[in-house]
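Residues in the sequence shown are numbered from 320 upward in steps of one, following our numbering.
Notes for the one structure printed next.
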Amino acid sequence: MSRVYNFSAGPAVLPEEVLQECADEMLDYRGCGMSVMEMSHRSAMFQQIIDEAEADLRTLMGIPANYKVLFLQGGAHQQFAAIPLNLCKLPGASGKADYINTGMWSKKALAEAKRFIDAQEVASSADETFTYIPDCSDLPIREDADYVYICENNTIYGTVYHELPNTKGKILVSDVSSMFLSQPHDVERYGVIYGGVQKNIGPAGLAITVVREDLVPEGDLADVPIMMQWRPQVDAGSLYNTPNCWDIYVCGKVFKLLLKQGGLEAMRERNVAKAQILYDFIDESSLFKGTVRKEDRSLMNVPFVTGDKELDAEFVKASKAAGLENLKGHRSVGGMRASIYNAMPVEGVEALVAFMKDFEAKH
Ligand SMILES: Cc1ncc(COP(=O)(O)O)c(C=O)c1O
Numbered sequence: 320m321s322r323v324y325n326f327s328a329g330p331a332v333l334p335e336e337v338l339q340e341c342a343d344e345m346l347d348y349r350g351c352g353m354s355v356m357e358m359s360h361r362s363a364m365f366q367q368i369i370d371e372a373e374a375d376l377r378t379l380m381g382i383p384a385n386y387k388v389l390f391l392q393g394g395a396h397q398q399f400a401a402i403p404l405n406l407c408k409l410p411g412a413s414g415k416a417d418y419i420n421t422g423m424w425s426k427k428a429l430a431e432a433k434r435f436i437d438a439q440e441v442a443s444s445a446d447e448t449f450t451y452i453p454d455c456s457d458l459p460i461r462e463d464a465d466y467v468y469i470c471e472n473n474t475i476y477g478t479v480y481h482e483l484p485n486t487k488g489k490i491l492v493s494d495v496s497s498m499f500l501s502q503p504h505d506v507e508r509y510g511v512i513y514g515g516v517q518k519n520i521g522p523a524g525l526a527i528t529v530v531r532e533d534l535v536p537e538g539d540l541a542d543v544p545i546m547m548q549w550r551p552q553v554d555a556g557s558l559y560n561t562p563n564c565w566d567i568y569v570c571g572k573v574f575k576l577l578l579k580q581g582g583l584e585a586m587r588e589r590n591v592a593k594a595q596i597l598y599d600f601i602d603e604s605s606l607f608k609g610t611v612r613k614e615d616r617s618l619m620n621v622p623f624v625t626g627d628k629e630l631d632a633e634f635v636k637a638s639k640a641a642g643l644e645n646l647k648g649h650r651s652v653g654g655m656r657a658s659i660y661n662a663m664p665v666e667g668v669e670a671l672v673a674f675m676k677d678f679e680a681k682h
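As structure tokens, this is what we get:
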């Protein structure tokens, strides 16, 4: 067996020990004679899987008791709609929300919200192709906005908020898809913190939404599709309908592994050290350049370019041949992007830097 170093932005590398455990349990999960993919989501065995997954996630993130944890289908995109559809149905809601635009994922979330509510952009870094995080200390947030929305780590552009925006007392909603569990999250600073799991946690198709309980509307929202409503899923423990059982099971294994590895503070230390190796090399390189303002650099997604499209293409091709996969930048940015999520070992980053040095020496 030969596994490559997979720098994909998502679906992304998963921890080898988790994949191995899944393989070992594939045909016969703990003596029940079937795989997790085949068992009823109403069985005691699956209930234990989802209960443990939630409990471990609560421990990892330090989720307070007044927050609900939801395992939901439809990925992050479904939450782009669910967020306005739920938060703007709370008693006294104005149906207004303010969005900070730091790239494609916040832009898409805003466009989705506009279908249903009065959503507007209050800051943007579009003027410099999203290579920085705008100053969010004094934004023109509306007095009656129901919430302020950010995409905290911008997968495509490689920026991250090192400081959360001043929301002027409004609820903060954050998409943490590409930084989920990569560092501690101060859950109480958010009304909703959510993300797709396919970068740092598990297989694609599942979103985890952590929402303060008073932000989940009561009762049935007659004009909101049932699968967009958080309340039925809260009441059913994320089992309103048949969930993606397999995904929840894999995520649960990743949570246990992260706890064993020392939790999110240990993840942050590892991720800082890993990213430093790559950024240090990029900063001293005469061929490769980072595309993001230094103070806004992501620990997870590292875009870089040579400045020559043909050379970039040659780099991507040659790196693939060397077992370094998926380094091509997003089509909207070009160049290269290395996604170095939790499960990317330091050896993978070292191998990338060694390859970059060698490529530079030859060009
Ligand atoms: C930050 C961020 N938000 C949202 C999404 C969309 O996620 P999904 O495909 O699960 O809807 C992505 C990318 O996949 C992303 O990187």
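Idealized CB from N, CA, C, for every residue including glycine.
Quick caveat: nothing in here was measured; it's all calculated off a predicted structure.
Assigned exposure category for residue i - 16 Cβ within 10 Å defines buried
i, result
"residue 545", "exposed"
"residue 465", "buried"
"residue 331", "buried"
"residue 385", "exposed"
"residue 323", "exposed"
"residue 471", "buried"
"residue 403", "buried"
"residue 321", "exposed"
"residue 625", "buried"
"residue 459", "exposed"
"residue 346", "exposed"
"residue 367", "exposed"
"residue 496", "buried"
"residue 580", "exposed"
"residue 373", "buried"
"residue 728", "Here the chain comprises residues numbered 320 to 682, so residue 728 is not present and cannot be evaluated."
"residue 349", "exposed"
"residue 494", "buried"
Assigned secondary structure, residue i (DSSP; H/G/I helix, E/B strand, else coil)
i, result
"residue 407", "coil"
"residue 655", "strand"
"residue 455", "coil"
"residue 548", "coil"
"residue 563", "coil"
"residue 390", "strand"
"residue 378", "helix"
"residue 442", "strand"
"residue 644", "strand"
"residue 540", "coil"
"residue 351", "coil"
"residue 571", "helix"
"residue 461", "coil"
"residue 511", "strand"
"residue 467", "strand"
"residue 635", "helix"
"residue 554", "helix"
"residue 662", "coil"
"residue 370", "helix"
"residue 487", "coil"
Any non-hydrogen atom of ligand 1 closer than 7 Å to residue i Cβ
i, result
"residue 470", "yes"
"residue 496", "yes"
"residue 502", "no"
"residue 477", "no"
"residue 517", "yes"
"residue 549", "no"
"residue 360", "no"
"residue 372", "no"
"residue 474", "yes"
"residue 430", "no"
"residue 329", "yes"
"residue 649", "no"
"residue 424", "yes"
"residue 592", "no"
Residue i, enclosing beta strand (DSSP E) - first and last residue
i, result
"residue 482", "Element bounds for residue 482: n/a, residue is neither H nor E."
"residue 697", "Here the chain covers residues 320 to 682 and nothing more, so residue 697 does not appear."
"residue 621", "620 to 624"
"residue 523", "It is not in any beta strand (DSSP E) - residue 523 carries neither H nor E in the DSSP assignment."
"residue 491", "490 to 494"
"residue 428", "That residue, residue 428, is in no beta strand (DSSP E); its alpha helix (DSSP H) goes 423 to 433."
"residue 415", "415 to 420"
N-terminal and C-terminal residue of the alpha helix (DSSP H) that residue i is part of
i, result
"residue 338", "335 to 344"
"residue 601", "582 to 603"
"residue 667", "665 to 681"
"residue 613", "No alpha helix (DSSP H) holds residue 613; DSSP gives it neither H nor E."
Requested in this report: Say whether the stretch 567 to 575 touches the stretch 591 to 607, bearing in mind that this needs 3 or more beta-carbon pairs closer than 8 Å, one atom from each stretch.
Outcome: no
Report task. May I ask you to verify whether the stretch 519 to 538 touches the stretch 405 to 412, counting CB pairs closer than 8 Å and requiring at least 3? Result -> yes
Query raised in the report: With a cut-off of 8 Å, do at least 3 Cβ pairs link the stretch 444 to 460 to the stretch 474 to 482?
Result: Contact holds: three or more Cβ-Cβ distances are below 8 Å.
Query raised in the report: Counting pairs of Cβ atoms below 8 Å between the stretch 418 to 432 and the stretch 544 to 564, do you hit three or more?
Result: Flag = no, the stretch 418 to 432 and the stretch 544 to 564 do not touch.
Query raised in the report: Just checking, does the stretch 496 to 505 make contact with the stretch 641 to 656 on the three C-beta pairs under 8 Å criterion?
Result: no
**Report entry** Three-pair Cβ contact test at 8 Å for the stretch 595 to 611 versus the stretch 357 to 372
**Finding:** Touching, no.
Query raised in the report: Counting Cβ pairs, one atom from each stretch, are 3 or more of them under 8 Å apart for the stretch 514 to 523 and the stretch 477 to 491?
Result: no
Report task. Evaluate contact between the stretch 665 to 680 and the stretch 581 to 588, counting only Cβ atoms and requiring at least three cross-stretch pairs below 8 Å. Result -> no
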